[in-house]
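J.: Under the working numbering, think of the first position of the sequence shown as 32, with each following residue one higher. Cβ atoms here follow ideal geometry from the backbone N, Cα and C, with glycine treated the same way. For clarity, every value in this text was computed on a predicted model and none was experimentally measured. Right, I'll just put the structure down here and ask away after.
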Amino acid sequence: MLEFDLIQQHFTKTTNHTNLGVGDDAALISVSAGMELAISADMLVAGNHFFADADAFKLGWKSLAVNVSDMAAMGANPKWSTLAIALPTNDSAWLSQFSNGFFACAKAFNIDLIGGDTTRGPLTISVQIMGEVPRGLAIKRNGAKVGDDIWVSGTLGDAALALAHMQDKVTLPEDEFISCANSLHTPQPRVALGLALRDIANSAIDISDGLLADLGHILDASKVGAELQLQTLPKSQAMKNNFPNKLTQQMILAGGDDYELCFTAPVEMQAKIIRLSESLGLQLSHIGRITQSSGLIVIGLDNEVLKIKETGFDHFNQTA
Ligand code: ADP
Ligand code: MG
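Okay, structure coming up:
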């Protein structure tokens, strides 16, 4: 199949808010009055970010969803995407599943696919996303204030728990594995939350590399510290059934691929945030506080201070 036919068959769909989409040398869009364009890109490489034999539908979903998550973390409304893809072979069945997954996510969040590039090469998926946010209202990493509450959406560490099961490091009952695997393969970006947080949060980030690493980015950018309570970190039933031990504690604090939002907000916002949690039907947990002193302190289950050496997943190390 010619590249043109491939694009026509798998990546050309009618658009909802685009002046000119796939098919010309460039796409054309209009940004609404008073809005800023928020732009972000994320690349997924086979063998590095996913297994080469991963389910194509879920891979399609995830490659857009991780980008949508960045829009959510900025308080931006995602509207347009581009897809640059390198394919080792022209496998029509695989492409159709991949594009079904991609467009399922696009439909769920009303995002147009407006262009891209297609080439032969080791399987690599590079998605760019663009969204709108009222000028000056984007939620940035550098806005955390001393005394802010720290909040997180959903539950933590489930994607890492699913991965650990796949790697035979833990054994989960079937139903628990399925629910954790959903977090890993078909993450649900928190767009409605991100939009609502424009008037509430001082700073926000999405959790792609783990809570400690990503909260660490907020602390660095805002030049503040934080104190977290391990006990208050939100756990799924599967996680609770395996908690606490050193591995699950590590997953909650440093496991990647959750795509929940971590945000900070003034204490006066607590009632508003609790109401928001109810209206969205989304768990929002108060997990700690922004402090003056630099660094990140985690208080353990026995009120002891956990010694966190590094916040990255690979380097995570603690002696309790
Ligand atoms: P050019 O030679 O100008 O780069 P291409 O043949 O690469 O054009 O692409 C033709 C059209 O198809 C362009 O509008 C481009 O944005 C779009 N396109 C190419 N690959 C993809 C893809 N994987 N997904 C969506 N649109 C694509
Ligand atoms: Mg091209």
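Note down the Cα distance separating Gln268 from Met282, rounded to an integer number of angstroms.
T.: Taking the straight line joining both Cα atoms gives about 14 Å.
J.: Looking at Arg320: is its Cβ nearer than 8 Å to the Cβ of Gly178?
T.: Cβ distance < 8 Å, so Arg320 and Gly178 count as in contact.
J.: What is the DSSP secondary structure of Gly326, reduced to helix, strand or coil?
T.: Of the three classes helix, strand and coil, the one that applies to Gly326 here is strand, per DSSP.
J.: Could you have a look at His216 and say whether DSSP puts it in helix, strand or coil?
T.: Of the three classes helix, strand and coil, the one that applies to His216 here is helix, per DSSP.
J.: Tell me the DSSP secondary structure of Asn173 in three-state form.
T.: DSSP places Asn173 in helix when its eight states are reduced to three.
J.: For a test of your reading of the model: does the CB of Val54 fall under 7 Å from any non-hydrogen atom of the ligand ADP? Yes or no.
T.: The sequence as given places Gly at residue 54; Val does not occur at that position. Gly54: yes, Cβ under 7 Å from the ligand ADP.
J.: In whole angstroms, give me the CA-to-CA distance for Ile38 and Leu126.
T.: One C-alpha to the other measures close to 10 Å.
J.: Examine the Cβ distances between the region 105-115 and the region 156-168 and report whether three or more of them are shorter than 8 Å.
T.: The answer is yes - the region 156-168 touches the region 105-115, with three or more Cβ pairs under 8 Å.
J.: For His41, which of helix, strand or coil comes out of DSSP?
T.: Looking at His41 - three-state DSSP - the assignment turns out to be helix.
J.: Secondary structure at Thr186, three-state DSSP: helix, strand or coil?
T.: Three-state DSSP puts Thr186 in coil, outside helix and strand.
J.: On a Cα-Cα basis, can you pick out the residue from Ser310, Ile238 and Met300 that is closest to Gly30?
T.: Absent from the model: residue 30. The displayed extent of the chain is 32 to 351, so no value can be given.
J.: Just the C-alpha distance for Lys266 and Gln301, rounded to the nearest angstrom, thanks.
T.: Using only the alpha carbons, I get a separation of about 21 Å.
J.: Does Thr350 pass the burial test, meaning 16 or more other C-beta atoms within 10 Å, or should it be called exposed?
T.: Interpretation of Thr350 is limited by its pLDDT of 36, a score under 50 that renders its predicted location unreliable; no figure is taken from the coordinates.
J.: Assuming contact is defined by CB atoms lying nearer than 8 Å, are Leu224 and Leu168 in contact in what I supplied?
T.: No; because the gap between Cβ atoms is not below 8 Å, this pair is not in contact.
J.: Look up Pro133 in the DSSP assignment and say whether it is helix, strand or coil.
T.: A small fix is needed here, since residue 133 is Phe in this sequence, not Pro. Helix, per DSSP.
J.: Asp73: buried (16+ other C-beta within 10 angstroms of its C-beta) or exposed?
T.: Buried is the call here.
J.: Grouping DSSP H, G and I as helix and E and B as strand, with all else coil, what is Phe274?
T.: Coil at Phe274, not helix or strand.
J.: For the alpha helix (DSSP H) holding Ser157, just list the boundary residues, first then last.
T.: Careful: Ser157 lies outside any alpha helix (DSSP H), inside the beta strand (DSSP E) at Thr155 to Pro165.
J.: Excluding the 5 residues preceding and the 5 following Gly106 in the sequence, name in chain order all residues of the same chain whose CB lies nearer than 8 Å to its CB.
T.: Contacts found: Val164, Leu168, Ala169, Ile170, Gly225, Leu226, Leu228, Arg229, Ala232 and Ala235.
J.: Using a 10 Å radius around the Cβ and a threshold of 16 neighbouring Cβ atoms, would you call Gln40 buried or exposed?
T.: Counting Cβ neighbours within 10 Å, Gln40 comes out exposed, since fewer than 16 surround it.
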